[in-house]
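**Q** Numbering (full-length UniProt numbering), first residue to last: 1 to 89. We treat Cβ as the ideally placed atom computed from N, Cα and C, and that holds for glycine. Below is a structure I'd like to ask you about.
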Amino acid sequence: MSEPTIALSHRAAALLRAVRAGRVDMTCGSEPDMFVDGLNCCDQPTAHALFHQGLVRPARLGSITEHVRAELTDAGHDVLGSEPKVTAA
Numbered sequence: 001m002s003e004p005t006i007a008l009s010h011r012a013a014a015l016l017r018a019v020r021a022g023r024v025d026m027t028c029g030s031e032p033d034m035f036v037d038g039l040n041c042c043d044q045p046t047a048h049a050l051f052h053q054g055l056v057r058p059a060r061l062g063s064i065t066e067h068v069r070a071e072l073t074d075a076g077h078d079v080l081g082s083e084p085k086v087t088a089a
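Below is the structure:
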């Protein structure tokens, strides 16, 4: 039986790519907020969903309000690995 496929919006995929590039920090609470390039992410519900789907996690432990680097989980890498490539026309 194969693993279920996670469908991502373009915004969710872009946020995962930013995490992969090391541009995202997150808080360490149960509903972690994300910050891209030091700015508050414009879509916190998507950020929370990526965390709860197990695609991103804090790179290290921290206090609830502390900003730590976000990293992709193995599942997050798998989702991006299966992302269709966009080519210029």
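Quick check: the segment 74 to 82 against the segment 33 to 40, are there 3 or more CB pairs under 8 Å?
**A** Verdict: no, contact absent.
**Q** Can you list, in chain order, the residues of its chain with a C-beta nearer than 6 Å to that of V24? Leave out the 5 residues immediately preceding and following it.
**A** Hits under 6 Å: A18, M34, V36, A70.
**Q** Quick check on this structure: which residue in R20, G29, A13 has the alpha carbon closest to the alpha carbon of S63?
**A** For the residues R20, G29, A13, the minimum Cα distance to S63 belongs to G29.
**Q** My parser needs the alpha helix (DSSP H) runs of 4 or more residues fully inside the segment 19 to 65; what are they?
**A** Listed in chain order, they are 44 to 52.
**Q** Going straight from the alpha carbon of G22 to that of A49, what length do you get?
**A** Taking the straight line from one Cα to the other gives about 19 Å.
**Q** What are the start and end residues of the beta strand (DSSP E) that includes L80?
**A** Note, L80: premise wrong, no beta strand (DSSP E); alpha helix (DSSP H) at 74 to 81.
**Q** By a C-beta neighbour count over all protein chains shown, 10 Å radius and 16 as the cutoff for buried, is T27 buried or exposed?
**A** With 16 or more other Cβ atoms within 10 Å, it is buried.
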